[in-house]
Amino acid sequence: MQDWYNSLDKKIGTDVIYFDFEKAFDKVDHEILIRKLHEIKIDWVTIAWIANFLSNRSHTVKIGENYSEPFFPKTGVPQGTVLGPLLFLIYINDLPKHIPTSIKVKLYADDFKLYSEIKTEKDCIDLQEAINNASKWAENNRLKFPFQKLRF
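According to the UniProt record's numbering, the sequence shown is numbered sequentially starting from 1.
(1) Taking only three categories from DSSP, how would you classify L143?
(2) Distance check for S68 and Y108, CA to CA, integer angstroms please.
(3) Could you name each continuous beta strand (DSSP E) segment of 3 residues or more that falls completely within the UniProt domain "Reverse transcriptase" (1-152), going from the start of the chain to the end?
(4) Give me, in chain order, the residues of the same chain whose beta-carbon lies closer than 7 Å to that of C124; leave out the 5 immediate sequence neighbours on both sides.
(5) In chain order, what residues of the same chain lie with their CB nearer than 7 Å to the CB of K106, ignoring the 5 residues before and after it?
(6) To the nearest angstrom, how far is it from the Cα of P100 to the Cα of R35?
(7) Measuring CB atoms only, is the region 11-27 touching the region 140-147, in the sense that at least three cross pairs come out at less than 8 Å?
(8) T60 and P73 - do their beta-carbons sit closer together than 8 Å?
(9) Going straight from the alpha carbon of I32 to that of N133, what length do you get?
(10) I'd like the list of long-range same chain contacts for I90, defined as Cβ closer than 8 Å, with 5 residues on each side in sequence excluded.
(11) Nearest to I103 by CA position, among E139, N141, K122 and F88, is which residue?
Shown next, in the form of structure tokens:
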């Protein structure tokens, strides 16, 4: 926020794009997450424990007194756990590496924002490149943005 106040003081416009991941915690791909844990140098014992934590989960649906057959999700981190949000943040933590350095990125829970002072046409081009890169990153990581929630 201080960046925005500084821009206002200088009478420079700032464009902000807000993104929200669709069903973020449910869409985390376990294989991609395990690769990212390895890339940030988490030890193999911990990675194996996390893989077990994620893969040995089942879900059933209860309607009235009847239960469905259990199913075993191949994606997602458990909500309502201490570890779930941390694993999601690890999953998205490499997103800023794909954004031009002239654009600022703020990650928070299951959303993020891109913003930049807009002084020249190049600033607009860089922001558009950041949006394109964020979309490509999301596609590569099997996440989606519900565009009806995208705010400018």
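From the three backbone atoms N, C-alpha and C, an ideal C-beta is built for every residue, glycine too. For clarity, every value in this text was computed on a predicted model and none was experimentally measured.
According to the data block:
(1) coil
(2) 35 Å
(3) 14-20, 104-108 and 111-117
(4) I118
(5) F112 and K113
(6) 24 Å
(7) yes
(8) no
(9) 18 Å
(10) L33, K36, L37 and I40
(11) K122
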